[in-house]
Each structure stands twice: as C-alpha cells, then as structure tokens.
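For what it's worth, UniProt numbering labels the leading residue of the sequence shown as 1, then goes sequentially. Beta carbons are placed, not taken as given, at the ideal position from N, Cα and C, and that holds for glycine.
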Amino acid sequence: MKTSTKISSTLILSLTLLTACSKDDDGGDSATANGELTASVDGKIYESMPEATIAEENSSTGFEVITISGGSVDSENIQISIIGFEGEGAYDLNGVNIATYTFLGDKTDFMSAQIFSTSNGSASNGEIKIAEYRKGERVKGTFSFTGYLTSDTSQKVVVSNGTFNVSIRD
C-alpha cells in the first residue's frame, strides 16, 4: 500500500507540475487554455485554471487509459485516471480507476502535499460519467467521489458536483 501511495503521489505531483509549467524554459509556448474542471470540495467551490486543465490518453500498457486533471490557483489538483477506458459511459472510482484531490499544506514545499484518494480498497468511492468523447480531441462529463487521506485514511474529503469539458492533449 505504501509503494502504491508513493507512486500515486509522484504521478500526481509530476502531472500537476507538467500542466502548470511551460513547454520549455527558454520562452517556448506555455500551456494553452485546455478546458474547465469544477467541483465542490467539502462544500467549497473548486475551479481549475484553464492552462492547468488537461486530458491525456495512453495505450502503451495494452489498456486504454485516460487521465483528466485540473489544477487551481490555490495549489490544489483534482485528477481522475480511468484504466480500461472504453469511451462514453459510467465508471466506478476506486483503486483501479483512481480519483484524487491534492493540495499543498505549504505552497512553497511540494513535500507538504496532502493527497486524498479513492484507492482505499473499497469497490467504489465515487463515479465518473463520460457524456461526450471524441478520441484525441475532447472529453466532457461529471464526477463525484470521496477521497481518503493516503497518510491517515480516517480523514476524508467529499468532492461533489464535479464537471469537466477538456481538450485532450496530443
């Protein structure tokens, strides 16, 4: 469990950094507005920044995988990965199809990340519904989940009323 938590933590932080940074350090294009991701996190409104909102597809593992991620100006991130993605439809969020809500306790220290994940052994801690999907172009839908703090699963966060409409990065 600790190994998967470390891997998930590293993946989440890496994707968060990639979505918020420019393509290169010598003045190249910064990320363009890719879409929107909104939700309610324990009753508080969450809105991602368009330039830190992406979707990516990958099939290098033999399974179709889609990851949708939206970072906020407050150093927060919501990310959902569906393994075995088959297009439009509903998917349970659990230890296979993982949703996370992450924030930095200290915005100057990436090691202060607090990660709440659906990966706690339950069959379902939420759901994502893909309403529209155009391979390589755009994905749109809704989601909700309960995430458990990876370092103390007695603490949880409820993410509800989630919506997204995101360009898929090629």
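Starting from residue i, follow the beta strand (DSSP E) in both directions and report where the run begins and ends.
i	result
glutamate 132	126–134
valine 73	Counting along the chain, valine 73 falls outside any beta strand (DSSP E), and DSSP gives it neither H nor E.
glutamate 51	No beta strand (DSSP E) contains glutamate 51, which DSSP labels as neither H nor E.
glycine 147	138–149
When DSSP labels each residue in this structure, what does residue i get in the three-state scheme?
i	result
serine 112	helix
lysine 23	Any reading at lysine 23 must be qualified, since the residue scores a pLDDT of 36, below 50, and its modelled position is unreliable; no value is offered.
valine 158	strand
Taking residue i as the reference, which of the options has the closest Cα?
i	options	result
serine 144	Ser81, Ser69, Lys129	Lys129
threonine 150	Gly62, Pro50, Ala99	Ala99
glycine 70	Tyr101, Asn58, Ala113, Val157	Tyr101
glycine 147	Ser154, Gly141, Ser117, Ser81	Ser117
Could you tell me how far apart the beta carbons of residue i and residue j are, in whole angstroms, since I believe they sit closer than 8 Å?
i	j	result
valine 159	valine 139	The Cβ separation is near 18 Å, so there is no contact.
isoleucine 54	arginine 169	5 Å
Three-pair Cβ contact test at 8 Å for the region 35–50 versus the region 75–84: Touching, per the Cβ criterion.
The region 89–102 in contact with the region 111–131 per 3-pair CB rule at 8 Å: Yes, the region 89–102 is in contact with the region 111–131.
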